[in-house]
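**Q** Just so we're on the same page, this note's numbering is the position in the sequence shown counted from 1, plus 5.
The beta-carbon is built from N, C-alpha and C at its ideal position, and this holds for glycine as well.
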Amino acid sequence: MRCLNITLCLLFLSFHGFSCSSQTSSSHTNNATAVVFNVGVVLDLDSVVGRVGQSCLSMALSDFYSLHPNYTTRLSLHVRDSKGQVLDAAAVALDLLEELEVDAIVGPQNSAQANFVMDLGNRSHVPIILFSARSPSMLSRTPYFIQTALGDDAQVGAISSIIKAFRWRQVTIIYEDTDYGNGLMPSLCTAFQYINAQIAYRSIIPLSATDDFILMELYKLMTMQTRVFVVHMSLYLGTQLFLKAKDIGMLSEGYVWIITDGLMDLIYYMGSPLIEAMQGVLGVKPWIPRSKELDSFEVRWRRKFCRENPAAKHAEISIFALWAYDTVWALAMAAEKVGVKEPVINLDNNLINVTNLFGLGISQTGPKLLRAMLETKFVGLSGEFDIVNGRLRPSAFQILNVIGKGEREVGIWTQSRGISRGFHTNETDSSLNLRESFRGIVWPGETTFVPKGWEIPVSGKKLRIAVPVKLGFTEFVKVEIDPLTNATKVSGISIDIFDAVMGALPYAVPYEYHPFENGDDSSAAEPGSYYNDMVYQVYLEPLNTHLWLTSTAVFILTGFSVWVLEHRINPAIRGPLSHHVGLILWFPLSGIEVTSNLARLVVAVWLFVALILSSSYTASLSSRLTVQRLQPTASDVNQLIRNGDYVGYPYGCFIADLLMVMGFEDSQLKAISTQEECDEALSKGSKNGGISAFFHSVPHVRLFLSEYCGKYMAIGPIYNTEGIGFAFPKGSPLVADVSRAVVTVMEGKKYADILQSKCIIPDSNSINSTSLTLQSFRGIFIFAGFVIVLCLLVYLAKYTYDNRDHLKIMISDSSTTTWSRLYAICKHWDQRDLSSYPFNREKDPEKDPENVLELNDVGDSSLSADTRLKNGFEMASTPSEEELDDATDESVDPNSEDMVVVHLPRAKVELLNGIVVYSNYSDTIRIRQQLRGELGICI
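(1) Have a look at the DSSP bridge pairing and note the partners of F234.
(2) By DSSP, does Y274 sit in helix, in strand, or in coil?
(3) Since T493 is in the alpha helix (DSSP H), which residue starts that stretch and which ends it?
(4) The beta strand (DSSP E) spanning G427 covers which residue range?
(5) How about the segment 112-121 and the segment 64-80: do they share at least three Cβ pairs that are nearer than 8 angstroms?
(6) Only counting runs of 3 or more residues, tell me where the beta strand (DSSP E) segments fall wholly within the segment 182-210, in order along the chain.
(7) Which same chain residues end up closer than 6 angstroms to I589 when comparing Cβ atoms and leaving out the 5 residues on each side of it in sequence?
(8) The alpha helix (DSSP H) with T78 in it runs from where to where?
(9) On the CB-based measure, 16 or more other CB atoms within 10 Å of its CB, does M4 come out buried or exposed?
(10) Is it true that the CB of A377 sits closer than 8 angstroms to the CB of D339?
(11) Roughly how far, in whole angstroms, is the beta-carbon of S140 from the beta-carbon of D184, given that I think they are within contact range, below 8 angstroms?
(12) Can you give the Cα-Cα distance for V610 and S601, rounded to whole angstroms?
(13) Keeping to the same chain, check which residues put their C-beta closer than 7 angstroms to that of P515; ignore five residues upstream and five downstream.
(14) Candidates I720, S688, N693: which alpha carbon is nearest H701's?
(15) Look at the Cβ atom of I322, then the Cβ atom of W334, and state whether they are nearer than 8 angstroms.
(16) Assign E303 to one of three DSSP states: helix, strand, or coil.
(17) Does the distance from the C-beta atom of V111 to that of F150 stay below 8 angstroms?
(18) With distances taken between CB atoms, is the gap from G423 to S63 smaller than 8 angstroms?
(19) Rounded to a whole number of angstroms, what is the C-alpha to C-alpha distance between I168 and R174?
(20) With DSSP as the reference, please indicate the residues paired to K382 in a beta bridge.
(21) Please report the residue range of the beta strand (DSSP E) in which A509 lies.
(22) Pull up the DSSP beta-bridge partners for W459, would you.
(23) For the beta strand (DSSP E) holding T419, just list the boundary residues, first then last.
(24) Tell whether a beta-carbon distance below 8 angstroms holds between I367 and H83.
(25) Can you give me the Cβ contacts of A159 inside the same chain, cut-off strictly under 6 angstroms, excluding the 5 residues immediately before and after it?
(26) Do L242 and E281 have their beta-carbon atoms positioned less than 8 angstroms apart in this structure?
(27) Where does R396 fall in DSSP's three states?
(28) Note down, in chain order, each residue of its chain lying with its Cβ closer than 7 angstroms to the Cβ of T244, except the 5 sequence neighbours on either side.
(29) Could you give the distance in angstroms between the alpha-carbon of Q403 and the alpha-carbon of I264?
(30) Considering only their Cβ atoms, is the gap separating G156 from W418 smaller than 8 angstroms?
(31) Nearest by alpha-carbon distance to Q369: which of I210, S387, G385, V345 is it?
(32) In the DSSP assignment, find the beta strand (DSSP E) that holds H811 and state where it starts and stops.
(33) Going by other Cβ atoms of all chains shown within 10 Å of its Cβ, with 16 needed for buried, is C831 buried or exposed?
(34) Taking the alpha helix (DSSP H) that K290 falls in, what are its first and last residues?
(35) Measuring alpha carbon to alpha carbon, tell me which of M123, D124, R85, V393 ends up nearest L105.
(36) Where do the N-terminal and C-terminal ends of the beta strand (DSSP E) with R469 fall, by residue?
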């Protein structure tokens with residue numbers, strides 16, 4: 006214990022030899038009644054952040070109490086210098102806790118120092134408040150820790166969004182080997198993994214790195230392909246890195262540099278040489294909303310800072326300064342909420358043990374101050390101050406571009422919207438328009454062209470392309486060795502296509518082919534479905550199932566619509582219910598004459614659809630029957646297996662394993678090496694030592710048929726193995742560009758020229774005809790349905806208008822139920838429309854006396870002249886209203902066979918011994934009389 010006490014005494018003596026003490030308070034502390042809260046401040050006063058932070062803390066204290074002179078509490082700041090060392094930071098923090106019994110500590114400045122001081126605060130129950138140390142690893146260490154700054158991991162979303170926007174697939178991370186540098190790596194790696202960006206290399210720079218070490222590391226990076234660098238360093242190391250990178254040409258065209266906010270926020274303090282070296286660099290920084298208070302503070306702070314630091318060349322406000330200012334305001338508000346201090350509980354010297362070596366007292370004010378601090382919310386100079394889970398709530402980030410003598414904002418990133426040009430724009434974080442979400446960016450080398458993010462190093466090796474060496478079927482890939490020079494020559498269709506693809510890239514990629522002796526095709530195949538039912542194939546398959554169902558539906562809809570349109574006016578469409586149902590199903594094939602124009606339009610459209618369907622079906626069926634006539638004896642795999650026929654496959658190809666899985670025995674399989682050997686085996690046939698069928702990929706089959714198209718044909722089923730592929734290592738930066746180049750070549754003339762030069766033509770002999778689908782006739786079905794529905798709507802509108810009086814009476818009848826009224830409407834619609842043609846032909850009776858009196862379609866039309874109506878006769882007597890009502894109330898069935906219908910608009914009618922009845926619904930006069938004479942019918 007004596008040795009320990011001597012050591013501590015020496016430590017404190019040493020500390021008092023170099024520490025500086027500053028007690029700053031408001032002028033209002035003269036108030037004897039004010040409760041003073043002692044706050045310790047631990048900063049590296051030789052650093053930029055330390056000097057800027059100290060000036061902002063004192064200004065914040067003065068500004069706060071000048072605006073709140075009536076507060077009963079005051080903060081007293083006690084500043085200590087850590088000299089940038091962990092041990093010194095711990096010593097001054099221990100002194101503040103033991104000697105001054107501070108209620109809170111602001112600082113220390115970096116994560117390494119904070120890790121030790123946080124434990125002291127946890128032991129003494131004193132809040133440790135950090136505005137510059139931002140490592141994510143410190144969050145869960147102790148409950149007495151508050152981070153009044155954004156965590157370092159808050160910026161990884163903005164950085165990864167930049168990488169994603171420009172589709173860079175590989176990134177190199179350069180960071181310092183400290184708690185500050187290492188703390189960000191887990192979050193950054195996770196963000197890059199989420200956007201499928203690969204970390205090609207991690208360059209770790211120690212804090213004590215020399216210029217030679219940094220140069221060696223940069224030269225190593227130059228030999229690698231990746232040209233996208235993310236830098237996370239302190240100001241001193243970052244300055245060394247960029248100055249050396251500028252000297253060796255790594256800030257020229259083709260390079261991409263992205264820096265984190267810790268370096269971006271402080272580059273002005275290193276002067277113009279660093280800014281000139283960093284031209285074209287991108288960086289992120291927390292977004293600070295502009296305000297009058299902020300503008301006023303910047304002017305006052307710049308004046309104060311230059312007065313206190315006359316040697317400083319630049320005085321630019323940083324985000325750390327604003328966080329320090331808001332920290333003091335929040336702490337002062339929290340102190341006012343607590344109001345009263347309580348004494349520190351000092352431990353007895355006898356209780357000091359290994360768990361509490363320094364004998365720290367327990368603060369009773371600290372926990373209350375911590376709770377009040379966490380509940381404090383206000384709008385400060387840096388924006389909204391709100392502590393969530395021990396740290397400042399995340400905000401938006403600026404994306405800045407170093408240009409000229411300063412920086413320019415090129416985008417804004419938020420967690421909800423991603424990258425956009427500003428807060429009031431409509432851009433969203435999607436892969437289609439991310440690049441357009443930026444304002445104009447000037448990249449290193451003073452270019453506006455977006456770097457592709459990788460290069461083939463000048464000193465690097467060429468891209469090595471492995472090609473398989475095949476014994477046969479070398480039309481696609483053929484490897485030859487010159488016997489004189491021993492040089493390897495690679496040719497074939499696949500080689501020609503690959504050369505065309507590489508030539509279509511927007512940049513030159515040196516490459517060379519290397520034969521691979523054990524290589525072969527390794528594509529996976531999926532078998533297609535077989536033809537199982539010959540009847541289904543020939544007669545039903547020309548139209549697929551959906552087309553058959555749709556055609557049937559249109560067929561029935563046509564019949565139904567004609568029935569609706571003609572039911573009330575066409576005598577041919579009358580009768581019992583069974584007759585109506587049969588008529589609907591039969592009408593499209595019948596020759597029933599229609600009388601209305603709407604029905605004629607529907608029938609015309611149906612005839613148009615039926616003509617197209619029948620023509621297409623005939624053509625498809627004829628094609629299939631012709632192909633079936635050309636089909637060989639063995640038309641599918643099952644038949645080959647049942648017959649025990651021999652089949653061939655390309656030597657060394659995966660197809661052998663596939664055939665065995667399908668059911669072929671190993672003894673049935675024969676390896677074929679060349680096209681000539683295949684032709685000979687197929688010519689012999691399975692019974693003569695040859696083969697009955699040969700299996701190969703579609704491109705090879707087409708090439709074979711182009712030479713032997715008169716002798717052989719391709720039959721189904723076909724497996725999905727058509728196409729040519731180029732394999733690259735996972736994460737290769739060439740993949741995206743080569744994929745786009747493949748599309749360009751396949752869609753252009755170059756691909757067709759290559760196939761034509763090799764005589765690869767489409768297989769016209771294949772029997773795998775496709776059925777006609779519903780998609781092929783979608784237009785005419787939509788047109789037919791539209792016309793039918795339109796005619797029905799027009800008919801419904803006309804019916805409603807013509808019978809509006811009667812419908813109003815039935816609908817307004819409140820004595821009946823809804824179903825009764827609906828039934829009455831349907832019953833009325835089911836009756837004949839006596840006012841329409843042909844029931845009413847408006848012809849002159851004198852010119853056509855036969856039309857004066859008409860019977861229904863089943864009545865007797867041979868009436869005597871005595872029963873004909875005489876136009877111009879006066880009525881013998883006018884019936885009373887009661888008689889008319891009685892006559893009208895009689896049950897009159899308009900569909901009965903003893904009805905005579907006469908249409909004489911507003912005419913006077915006289916019949917011998919007859920009863921005159923006027924219609925309530927139209928100008929039609931219904932006359933009903935039971936005749937007992939010659940006619941024997943009822944008029």
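**A** Taking the structure as given:
(1) Note: F234 sits in a beta bridge opposite T177, W262.
(2) helix
(3) From DSSP, T493 is part of no alpha helix (DSSP H) but of the beta strand (DSSP E) over 493-496.
(4) Judged by DSSP secondary structure, G427 falls outside any beta strand (DSSP E); it is assigned neither H nor E.
(5) no
(6) 203-210
(7) For I589, where only same-chain residues beyond five positions count, the Cβ hits under 6 angstroms are G564, F565, W568.
(8) Unbroken run through T78 is the beta strand (DSSP E), 78-86; no alpha helix (DSSP H).
(9) Outside the shown range of the chain, which is 6 to 944, sits residue 4, and nothing can be said about it.
(10) Per the sequence presented here, residue 339 reads as Ala, with Asp not at that position. Yes, these two residues count as a Cβ contact at 8 angstroms.
(11) 6 angstroms
(12) 15 angstroms
(13) Scanning its chain for C-beta atoms nearer than 7 angstroms, with the 5 sequence neighbours on each side dropped, one finds around P515 the residues I461, K467, L468, in chain order.
(14) I720
(15) no
(16) helix
(17) no
(18) no
(19) 8 angstroms
(20) D391, per the DSSP bridge assignment.
(21) From DSSP, A509 is part of no beta strand (DSSP E); its letter is neither H nor E.
(22) Within the DSSP secondary-structure output, W459 pairs in a beta bridge with T231.
(23) Where T419 is concerned, the enclosing beta strand (DSSP E) stretches over 411-419.
(24) no
(25) P399
(26) No, they are not a contact pair.
(27) R396: strand per DSSP, three-state reduction.
(28) M275, L279
(29) So the two alpha carbons sit approximately 12 angstroms from each other.
(30) no
(31) In terms of CA proximity to Q369, V345 leads the group I210, S387, G385, V345.
(32) Taken as a continuous stretch (DSSP letters only), H811 belongs to no beta strand (DSSP E), being part of the alpha helix (DSSP H) at 809-816.
(33) The residue is exposed, with fewer than 16 neighbouring Cβ atoms inside 10 Å.
(34) K290 -> not in any alpha helix (DSSP H); beta strand (DSSP E) instead, spanning 287-291.
(35) R85
(36) From DSSP, the beta strand (DSSP E) with R469 extends over 468-473.
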